[in-house]
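Heads up, the sequence shown is in numbering that gives the first Met the number 0, so the first residue is 0 and it goes up one at a time.
Heads up, the beta-carbon is just placed ideally off N, CA and C, and yes, glycines get one too.
Okay, so here's the structure we're looking at.
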Amino acid sequence: MSDSSLPELVQTLFKSTKKTDKILASLKKITERIDGWYEPRAEFERWRDSVEGKAWKCQKFKAQKGLCAICKEAIELKGSHIAHRKPISLHPELALSIENLQIACPDCNISKGSAIHT
Ligand SMILES: [Zn+2]
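Dropping the structure here:
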């Protein structure tokens, strides 16, 4: 380092700063993507476990006449799942959209993964 001239040092510092900026920018992008995946799910789970969410589920279950929205088999309210037609992983903005929610049996809800059901 002591052999380097001041302009060289400034140059090196400048390059390092640019690199750091790039790394920070990509980290920010990654963080935003992770937030997009997890926050809507956590929000949905809070709603699902709330008095409001439970009341909605009960009402929707009656509207579906006690049938799974996907396989159409008769299901029990207890143990049934609130499933997303368009999965949160692909449509985080629809995590709490009532039009995107339906009641399904656990088998259907778990096996459908990221498949889109309408
Ligand atoms: Zn089903």
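CA nearest to the CA of residue i, picked from the options
i	options	result
Arg-84	Ile-22, Phe-13 and Ala-94	Ala-94
Ser-88	Val-50, Ala-41, Leu-8 and Arg-45	Ala-41
Pro-86	Gln-63, Pro-39 and Ser-49	Pro-39
Lys-77	Val-9, Phe-60, His-90 and Asp-34	Phe-60
Ile-109	Ser-79, Gln-10 and Ala-73	Ser-79
Any non-hydrogen atom of ligand 1 within 7 angstroms of residue i CB
i	result
Ala-103	yes
Glu-72	yes
Asp-48	no
Cys-107	yes
Cys-57	no
Distance between beta carbons of residue j and residue i, contact taken as under 8 angstroms
i	j	result
Ala-68	Ala-103	5 angstroms
Ile-81	Leu-66	About 15 angstroms; that fails the 8 angstroms criterion.
Cys-57	Cys-107	That pair is no contact at about 19 angstroms.
Span of the alpha helix (DSSP H), counted from its first residue to its last, around residue i
i	result
Gln-101	Not the alpha helix (DSSP H): Gln-101 falls in the beta strand (DSSP E), residues 100–103.
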